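S.K.:
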Amino acid sequence: MRIRGFAPSTPCWVELASADPGRAQDFYASLFGWEPAGDRFKLDGRAAAGLTRARPGRPAGWVTYLSVEDLGASVHQFAAAGGRCLSGPTDGHGGQGAIVSDPSGAVLGLWQPGDFAGTQVGGEPGTMAWPELLTADPQAAAEFYGRACGWTLRDEVGSHGGRGEWLTAAHNAMAGIAPGGRTAWWRCSFQVADCDAAVENAMRLGGRVVVEPTDMGIGSYAELRDPFGAAFAVTAPSTQPVELTLAFSDIAGMELTFPG
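Numbering (full-length UniProt numbering) for the sequence shown: 1 to 260.
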């Protein structure tokens with residue numbers, strides 16, 4: 001489906017910083033069917049993810065970006081809550097961005113759109129999926145992101161192995177939280193049609209498996225690393241019918257286009 005805009009403080013974009021952007025381009029194009037387009041990957045002609053070269057202030061790996069209305073104010077809010085600004089604000093391709101981290105070191109991007117809001121396609125194979133914070137201290141994370149982003153945490157312990165959901169101020173879920181090690185990080189995920197097949201393809205292309213395909217009830221996921229060490233996940237939604245509820249008050253400006 002086509003996406004035209006994002007509510008403030010919700011994930012809007014993912015970008016890979018790689019020491020070898022050219023070879024990374026080949027890997028992900030083969031894995032997800034993406035079309036390389038300079039500093040972006042496209043899917044059927046629409047922007048699906050970003051690509052840049054790793055550099056000081058922009059660590060190698062995948063970063064999830066949040067849409068913000070005022071980049072300077074958002075960077076200040078992250079710092080006031082105990083986070084850090086690693087780079088920026090800087091002018092980017094269609095807007096302004098900054099890289100920030102929470103007190104535990106988990107990295108996010110902030111994006112103030114100009115004529116580019118973020119990913120232009122979602123809900124199908126090859127598109128960004130559910131971002132998730134992996135942390136050993138969900139309570140500290142809840143306090144920080146509540147102050148920095150206005151989020152609340154639901155099901156902090158829950159019934160899914162410690163997994164929970166981040167809710168916007170409008171009480172809509174838009175990211176997850178899961179148990180992690182000593183180093184917290186935000187895991188980027190991408191939707192695929194078949195998790196096992198995607199893992200096999202990634203390995204054939206030179207990637208490696210960190211977490212084997214795992215059934216989560218509502219679908220399956222696996223965690224991978226690309227040939228250059230960047231971690232990411234692939235998720236395949238369950239083929240069983242599910243009820244989908246969209247809160248349009250929280251996705252103002254979004255245009256949904258369904259096939260058929």
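Don't be surprised by glycine CBs; every beta carbon is placed ideally from N, CA and C. Remember, it's a predicted structure, so these values are computed and weren't measured experimentally.
Work out the CA separation of Ala173 and Gly217 for me, nearest whole Å.
M.R.: Your numbering for residue 217 matches position 217 in the sequence shown. Your numbering for residue 173 matches position 173 in the sequence shown. Whole-angstrom Cα-Cα distance: 18 Å.
S.K.: In this structure, how does DSSP classify Gln120 when only helix, strand and coil are distinguished?
M.R.: Working through the sequence shown from its first residue, we reach residue 120 at position 120. Reduced to three states, the DSSP call for Gln120 is coil.
S.K.: Out of curiosity, what's the CA-to-CA distance linking Gly207 and Ala60?
M.R.: Here residue 207 refers to the residue found at position 207 of the sequence shown. Here residue 60 refers to the residue found at position 60 of the sequence shown. Roughly 16 Å separates the two Cα atoms.
S.K.: Anyone know if the C-beta pair for Leu134 and Thr152 falls short of 8 Å?
M.R.: Position 134 of the sequence shown, counted from the first residue, corresponds to residue 134. Position 152 of the sequence shown, counted from the first residue, corresponds to residue 152. Contact flag unset, no.
S.K.: Given this structure, state the Cα-to-Cα distance separating Ser104 from Leu71, to the nearest angstrom.
M.R.: Stepping through the sequence shown from its first residue, residue 104 is reached at position 104. Stepping through the sequence shown from its first residue, residue 71 is reached at position 71. Ser104 and Leu71: Cα-Cα distance of roughly 22 Å.
S.K.: Where does Arg53 sit, in a helix, a strand or coil, going by DSSP?
M.R.: As a position in the sequence shown, residue 53 is number 53, starting the count at 1. Arg53: strand per DSSP, three-state reduction.
S.K.: Restricting to runs no shorter than 4 residues, where is the alpha helix (DSSP H) found entirely within the segment 160-228?
M.R.: Listed in chain order, the complete alpha helix (DSSP H) runs (minimum 4 residues) inside the segment 160-228 are 195-204.
S.K.: Straight-line CA distance for Gly150 to Asp196?
M.R.: In the sequence shown, the residue the question calls residue 150 occupies position 150. In the sequence shown, the residue the question calls residue 196 occupies position 196. Distance between the alpha carbons of Gly150 and Asp196 is about 37 Å.
S.K.: Compare the C-alpha of Trp186 against each of Phe232, Asp194, Glu143 and name the closest.
M.R.: Within the sequence shown, residue 186 is the residue found at index 186, counting from 1. It is Phe232 whose Cα lies nearest to the Cα of Trp186.
S.K.: Do the CB positions of residue 304 and Leu31 come within less than 8 Å of each other?
M.R.: This structure gives no information on residue 304, because the portion of the chain shown stretches from 1 to 260.
S.K.: Report the residue ranges of all beta strand (DSSP E) runs contained in full by the segment 13-49; include only those spanning at least 3 residues, in chain order.
M.R.: Qualifying beta strand (DSSP E) stretches, in chain order: 35-37, 40-43.
S.K.: In three-state terms, what does DSSP make of Pro237?
M.R.: The residue given as residue 237 occupies position 237 in the sequence shown. Pro237 falls in the strand class under three-state DSSP.
S.K.: Please tell me whether Val14 and Met128 are closer than 8 Å, where the distance is taken between their beta carbons.
M.R.: Walking along the sequence shown from the start, residue 14 turns up at place 14. Walking along the sequence shown from the start, residue 128 turns up at place 128. It is a contact, given that the beta carbons lie within the stated cut-off.
S.K.: Can you tell me whether Ser74 is helix, strand or coil according to DSSP?
M.R.: Translated into the one-based positions of the sequence shown, residue 74 becomes position 74. If DSSP states are grouped into helix, strand and coil, Ser74 belongs with the helices.
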